[in-house]
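Asks: Residue numbers (this note's numbering): 5 to 268.
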Amino acid sequence: MVMRCANASRMLLFSGLSFFLLACVSPAQVARTESILREQLRLQPDSFQANHALGEFYIQQHNLKAAIPYLEKARQIDPAHYENAYDLALAYLQTGMTAQSRAVIAGLVAKKDGAELHNLLADVEEREGHVDAAAQQYETAARMDPTEKNLFDLGSDLLRHRGFEPALKVFVFGAGRYPQSARLRVGLGISHYSLGQYDDAVATFRLAVCQEKLGESEEARKAYEAYLRILPHGPSAAEAQQALGRLKPEAPETAGPAKNTAPQ
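1) Quick check: the Cα distance between L94 and K252, rounded to an integer number of angstroms?
2) Distance, Cα to Cα, R181 vs L121?
3) Quick one: grab the DSSP three-state call for K115.
4) Is the distance from the Cβ of A224 to the Cβ of V213 below 9 Å?
5) In the DSSP assignment, the alpha helix (DSSP H) including V174 goes from what residue to what residue?
6) Assign T258 to one of two classes, buried (16 or more other C-beta atoms within 10 Å of its C-beta) or exposed (fewer than that).
7) For R131, collect the residues of the same chain with a Cβ closer than 6 Å to its Cβ; drop the 5 residues on either side in sequence, then sort them by chain order.
8) Which of the three DSSP states, helix, strand or coil, is assigned to M1?
9) Does chain C have any CB closer than 9 Å to the CB of V34?
10) Using beta-carbon positions only, say whether L235 and Y202 come within less than 9 Å of one another.
11) Specify, as a first and last residue, the run of the alpha helix (DSSP H) that N154 falls within.
12) Could you compute how far the alpha carbon of L124 sits from the alpha carbon of R106?
13) Closer than 6 Å by C-beta to Q245: which residues in its own chain qualify, once you throw out the five before and the five after it? Chain order, please.
14) How is H66 classed by DSSP in three states: helix, strand or coil?
15) Leaving out five residues before and five after T144 in sequence, what residues of the same chain have Cβ atoms less than 6 Å from its Cβ?
16) What first and last residue would you give for the alpha helix (DSSP H) that runs through P83?
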């Protein structure tokens, strides 16, 4: 899991100076920023902003253990600050402090329930080995907000625990909703492969190509359609769709108006 700092793009303002905490800055700039932030904290030890800013700085430097005390102090000062609490819960989780992470998440859910909190709680359940509870939380997050991340996390959890058929349904839905998502398409392919369907679909596509070349249009069309039923977002889906456009049955000619042959 990658640390998702809630304030990764936020500008920090101290003494009229602006600091953008970027990964590409030089070590000297990082050291200078840290020195200024620590000095601000020394001058204002009970300031939420000073504690929070230094905690976020350490998160961006991937030093989660250093970040935690400052995020904790900031939470003591302002328990209602959502982003500070979320990042603290995530830092706890990624340093193995799952009980503390769970407690912070519970407090957040009580005040402001949301999909990302259920997704994070699912990660906690997964880390503690609570398979069923994790699956339930991933599903809750995906139902509340079917983002690409929430759908991917739910599908991946199902795959990890050999729930191949429900995982396939999740990835089919996700790939349809987010057709540009590479990781959802990979998950879809793994689901098909795990169910033994991928090779069958590829063989069906190849058969369709051969039938089209032989002029067996109707059979080729059926084979392309069969491929798309199995792998609607598969690697050859675009080719299959184009082929179906070529092989679309021609509409029967409409007969002209009947001539009146009755004697006048």
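Virtual Cβ for every residue (Gly too), placed ideally from N, Cα, C.
Replies: Considering the structure as presented:
1) Residue numbering aside, residue 94 sits at position 90 when the sequence shown is read from its first letter. Residue numbering aside, residue 252 sits at position 248 when the sequence shown is read from its first letter. If I take the Cα positions, the gap works out to 53 Å.
2) Position 177 of the sequence shown holds residue 181. Position 117 of the sequence shown holds residue 121. Those two C-alpha atoms are separated by around 22 Å.
3) Within the sequence shown, numbered from 1, the residue matching residue 115 stands at position 111. It is helical.
4) Translated into the one-based positions of the sequence shown, residue 224 becomes position 220. Translated into the one-based positions of the sequence shown, residue 213 becomes position 209. For A224 and V213, yes; Cβs fall inside 9 Å.
5) Your numbering for residue 174 matches position 170 in the sequence shown. Start and end: 168-181.
6) Here the question's residue 258 lines up with position 254 in the sequence shown. Only weak support exists for where T258 lies, its pLDDT of 49 falling under 50; the value from the coordinates is given anyway. Exposed: under 16 other Cβ atoms inside 10 Å.
7) For this step, residue 131 is matched to residue 127 along the sequence shown. Only T102 meet the Cβ criterion.
8) Here the chain has residues from 5 to 268 only, and residue 1 is not among them.
9) Judged by its chain identifiers, the structure shown contains no chain C, having just a single protein chain.
10) Position 231 of the sequence shown, counted from the start, is the residue given in the question as residue 235. Position 198 of the sequence shown, counted from the start, is the residue given in the question as residue 202. Taking 9 Å as the Cβ cut-off, L235 and Y202 qualify as a contacting pair.
11) The residue labelled residue 154 in the question sits at position 150 within the sequence shown. Taken as a continuous stretch (DSSP letters only), the alpha helix (DSSP H) holding N154 covers 152-164.
12) Within the sequence shown, the letter at position 120 stands for residue 124. Within the sequence shown, the letter at position 102 stands for residue 106. L124 and R106: Cα-Cα distance of roughly 9 Å.
13) Locating residue 245 in the sequence shown gives position 241, where the first residue counts as 1. Excluding positions up to five away in sequence, the list is empty.
14) Start at 1 with the first residue of the sequence shown, and residue 66 comes out as number 62. DSSP places H66 in coil when its eight states are reduced to three.
15) Mapped onto the sequence shown, residue 144 falls at position 140. Here the set comprises H122.
16) Taking the sequence shown and counting its residues from 1, the one referred to as residue 83 is at position 79. Run containing P83: none; DSSP gives neither H nor E here.
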